[in-house]
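Undergrad: Read left to right, the first sequence gives residues 27 to 479 (our numbering). The C-beta atom is built at its ideal place from N, Cα and C for all residues, glycine as well.
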Amino acid sequence: MTDASVRLTFEGGTVRVDAPRDLLETLPDVEYDPRTETGRTPGFRYATLRAALAEHDVEVEDRVLALSDLPALRSAYELREYQHEALDAWRDAGQRGVLELPTGSGKTVIALKAIEALSIPTLIVVPTIDLLDQWERELGTEFDVDLGRLGGGEQRVEPITVSTYDSAYLRADELGDRFELVIFDEVHHLGGEGFRDIGRLLAAPARLGLTATFERPDGAHEVVEELVGPVVYRLSAEDLAGDHLAAFDIKRIEVALTPEERERYEEFQGTFTDYLAQSGIQMRSGSDYREIVKRSGNDPAAREALLAKQRAREVMMNAEGKVEELAGILDRHRGDRVIVFTAYTDLVYRLSERFLIPAITHEVPKVQARRRILEKFRRGEYSRIVSSHVLDEGVDVPDANVAVILGGSGSEREFKQRLGRVLRPKAEGERAILYEIIAEETAEERVAERRRG
DNA sequence: ACTGACCGACAACCAGCGGACCCA
DNA sequence: TGGGTCAAGTTCTTGTCGGTCAG
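Written out as structure tokens, the structure reads:
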């Protein structure tokens, strides 16, 4: 017992545990691997494994992490009080956990301070190339070290590296031993079926997640919690409004469908409800909906019902009355900076033509063109833009003070992200406004309720 | 170097009120 | 007559992203 020895090494996203069989069996989450005749556990269990071994009176030869040298980092940045609290909460939780803070509250800065405080090799994982660039810029300004970059056509690893989720996913098994701290920006993405493997394969014991909305409707935040840790600090937009973020009002406006729209809506919606009645499905949650989706693979009636539901959704999301209402809003806010959000790209182009507003969708040819439009918006050459979902996340959108949602999903996340676009601190007394325009007597009233308007 | 086409991944997707059938 | 089960083997569409590869 006393002189047993244990050797830990990293192999393709797992920690290999060379130890006597009887000791292996006492270790949590360590499985016996008959091929190598050793114990084995996923990379993310490394920290708990070390803790468990510390309880035993054994000599541990730990060769898991292969870290490069990193000079002590220093940044001139001063954290605000709540940012300080957030960082402390994370450290108190054993350098594991998630910070849930609204868009514009300076999550990046907290992370930079965490990197500075620990000065250990760090991997930062982000969902988009845009964020890749932003992090690279911030890190470059703050720290005087070479930065690695994985994604956007480059694959360069340095002690401090920024990666996309996609690239990290492709290389996690091989990179898992190179970093002691991993930061997941927009950490809710880590709940995705494939992306969760990133968290699983990395051995980094220190883990920080950043997001504005931790909970996922599919429940996968529990996976994230296991891989990164629980939420250790949380503030909402309301908490910071009027102080570090702009004060804001949310105005809900209901508009009527035209008689033609009403007729089409009722017909499509009717097809859907008829199917529900006929199949006996109780529509209580998203899983009931998924049940219909599942059936639609083999059952033509289910498929027809789903298509009808989608057509009904299109009718209400694109209702003509919303366009008229928008005309009034644009008129009232002549001097303001306005972002208009829709659910469908078709409507984006219709609005763009009718109101002569630049459009941004995923189809906008080339990132360059999109960037040019945003740049002109930033400089004030444009005071309005129309977009679908493109600007929801991961794009550095210049500040606006009026947002108009013509069509959106029931997603709380989408709503917060859109709201976040108008919440940067404003001049004294100025308030941001978010308009939700909703088709009355349609399912959209419930949809808007779900996202908590 | 840039571009477009392709692929796979991810996310959202949520009625309003009484039927049909098989088997023990 | 009464009670239980109703459709399984992989699943709708739209919007958006990153990675890859050919030209």
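#1: Any idea if Met343 is buried or exposed, counting beta-carbon neighbours within 10 angstroms, 16 or more meaning buried?
#2: Is DSSP giving Leu113 helix, strand or coil here?
#3: State the Cα-Cα distance for the pair Ala453 and Asp269, rounded to the nearest angstrom.
#4: Glu264: buried (16+ other C-beta within 10 angstroms of its C-beta) or exposed?
#5: Leaving out five residues on either side along the sequence, give the residues of the same chain with a beta carbon under 6 Å from the beta carbon of Val421.
#6: Spatial neighbours of Tyr291 within its chain, please: C-beta separation below 7 Å, excluding the five flanking residues on both sides.
#7: Starting from Ile431, trace the beta strand (DSSP E) both ways and give me its first and last residue.
#8: Using a Cβ-Cβ cut-off of 6 Å (strictly less than) and excluding sequence neighbours within five positions of Leu53, which residues of its own chain qualify?
#9: Give the list of continuous beta strand (DSSP E) stretches no shorter than 3 residues that lie fully inside the stretch 129–166.
#10: With distances taken Cα to Cα, identify the nearest neighbour of Val188 among Tyr195, Gly179, Glu162.
#11: Smallest Cα separation from Asp192: which of Leu149, Phe298, Gly220?
#12: Mind checking who Thr187 pairs with in its DSSP beta bridge?
#13: Thinking C-alpha only, which one of Ile224, Gly296, Leu50 is nearest Phe70?
#14: Got a sec? Which residues, its chain only, sit under 8 Å from Ala272 by beta carbon, not counting five neighbours each side?
#15: Would you give the residue range spanned by the beta strand (DSSP E) that Lys277 belongs to?
#16: Please confirm whether Val257 and Glu126 have their CB atoms less than 8 Å apart.
#17: Beta-carbon separation of Ile386 and Val416 under 8 Å?
#18: Under a three-way DSSP split, which group does Leu333 fall into?
#19: Ordered along the chain, which non-local residues of its own chain (more than five positions away) have a Cβ less than 8 Å from that of Glu440?
#20: Check Asp481 in the structure and name its three-state DSSP category.
#21: Between the alpha carbons of Arg363 and Ala369, how many angstroms are there, rounded?
#22: With 16 as the cutoff for other CB atoms within 10 Å, does Glu212 come out buried or exposed?
#23: Considering only residues of the same chain and omitting the five flanking positions on each side of Leu332, which have a CB-CB separation below 8 Å?
#24: Nearest to Val250 by alpha carbon, out of Ile209, Lys139, Ala115?
#25: Note down, one range per segment and in chain order, each alpha helix (DSSP H) of at least 4 residues found wholly within the stretch 389–476.
#26: Ignore the nearest five residues each way along the sequence and tell me which others in Val494's own chain have a CB closer than 8 Å to its CB.
#27: Using three-state DSSP, classify Glu37 as helix, strand or coil.
#28: Per DSSP, which one or two residues make a beta bridge with Asp211?
#29: Taking the alpha helix (DSSP H) that Pro243 belongs to, which residues open and close that run?
#30: Gln304 lies in the alpha helix (DSSP H); which residues open and close that run?
#31: Using the C-alpha atoms, what's the distance from Ala474 back to Ala444?
#32: Can you have a look at Gly38 and say buried or exposed, based on whether 16 or more other CB atoms are within 10 angstroms of its CB?
#33: In whole angstroms, give me the CA-to-CA distance for Phe36 and Leu227.
TA: Put simply:
#1: Numbered from 1 along the first sequence, position 317 holds the residue referred to as residue 343. The residue is buried, with at least 16 neighbouring Cβ atoms inside 10 Å.
#2: The residue labelled residue 113 in the question sits at position 87 within the first sequence. Helix, per DSSP.
#3: The residue labelled residue 453 in the question sits at position 427 within the first sequence. The residue labelled residue 269 in the question sits at position 243 within the first sequence. Those two C-alpha atoms are separated by around 11 Å.
#4: For the purposes of this step, residue 264 is taken as residue 238 along the first sequence, with counting starting at 1. Flag for Glu264 reads exposed.
#5: Position 395 of the first sequence holds residue 421. These residues qualify, in order along the chain: Asp156.
#6: The count along the first sequence starts at 1 and reaches residue 291 at position 265. Counting only Cβ-Cβ distances below 7 Å, and skipping sequence neighbours, we find Leu283, Ala338, Val341, Met342, Thr468.
#7: Position 405 of the first sequence, counting from 1, holds the residue named residue 431. Segment 428–431, the beta strand (DSSP E) holding Ile431.
#8: Indexing the first sequence from 1 puts residue 53 at position 27. Result list for Leu53: Ala78, in chain order.
#9: 148–152
#10: By one-based count along the first sequence, residue 188 stands at place 162. For Val188, the nearest C-alpha among the options comes from Glu162.
#11: On the first sequence, position 166 is the one that residue 192 refers to. Of the listed residues, the one whose Cα sits closest to Asp192 is Gly220.
#12: As a working mapping, residue 187 is identified with position 161 in the first sequence. For Thr187, which the question treats as bridged, DSSP gives the partners Leu149, Gly174.
#13: Counting from one through the first sequence, the residue named residue 70 turns up at place 44. When each option's Cα is compared against that of Phe70, the closest is Ile224.
#14: The sequence position of residue 272 within the first sequence is 246, counting from 1. Hits under 8 Å: Asn427, Val448, Leu449, Arg450, Pro451, Lys452, Glu456, Arg457, Ala458.
#15: If you number the first sequence from 1, residue 277 lands on position 251. Lys277 -> beta strand (DSSP E) spans 273–281.
#16: Numbered from 1 along the first sequence, position 231 holds the residue referred to as residue 257. Numbered from 1 along the first sequence, position 100 holds the residue referred to as residue 126. At the C-beta level, Val257 and Glu126 come within 8 Å of one another.
#17: The sequence position of residue 386 within the first sequence is 360, counting from 1. The sequence position of residue 416 within the first sequence is 390, counting from 1. Contact: yes.
#18: What you label residue 333 is simply residue 307 of the first sequence in a count that begins at 1. Note: Leu333 maps to helix in three-state DSSP.
#19: Reading the first sequence from its first residue, position 414 is the one you call residue 440. The residues are His415, Asp418, Gly434, Arg477.
#20: Outside the shown range of the chain, which is 27 to 479, sits residue 481, and nothing can be said about it.
#21: One-based indexing of the first sequence puts residue 363 at position 337. One-based indexing of the first sequence puts residue 369 at position 343. The alpha-carbon atoms of Arg363 and Ala369 are separated by roughly 20 Å.
#22: On the first sequence, position 186 is the one that residue 212 refers to. Counting Cβ neighbours within 10 Å, Glu212 comes out buried, since at least 16 surround it.
#23: Counted from its first residue, the first sequence places residue 332 at position 306. Excluding residues within five positions, the ones whose Cβ falls inside 8 Å are Phe298, Ile318, Val319, Ser322.
#24: As a first step, residue 250 must be located in the first sequence, where it is residue number 224. Checking every option, the nearest Cα to that of Val250 belongs to Ile209.
#25: 392–405, 438–446, 470–476
#26: Here the chain has residues from 27 to 479 only, and residue 494 is not among them.
#27: In the first sequence, the residue the question calls residue 37 occupies position 11. Three-state DSSP puts Glu37 in a strand.
#28: Position 185 of the first sequence holds residue 211. In the DSSP output, where bridge partners are listed per residue, Asp211 has Leu236.
#29: For this step, residue 243 is matched to residue 217 along the first sequence. Careful: Pro243 lies outside any alpha helix (DSSP H) and carries neither H nor E.
#30: Working through the first sequence from its first residue, we reach residue 304 at position 278. 285–305 is the span of the alpha helix (DSSP H), which, as asked, contains Gln304.
#31: Here residue 444 refers to the residue found at position 418 when the first sequence is read from its first residue. Here residue 474 refers to the residue found at position 448 when the first sequence is read from its first residue. Per the sequence shown, the amino acid found at residue 444 is Arg instead of Ala. Roughly 14 Å between the two C-alpha positions.
#32: On the first sequence, position 12 is the one that residue 38 refers to. Gly38 comes out exposed.
#33: For the purposes of this step, residue 36 is taken as the residue at position 10 of the first sequence. For the purposes of this step, residue 227 is taken as the residue at position 201 of the first sequence. Taking the CA atoms as reference points, Phe36 sits about 10 Å from Leu227.
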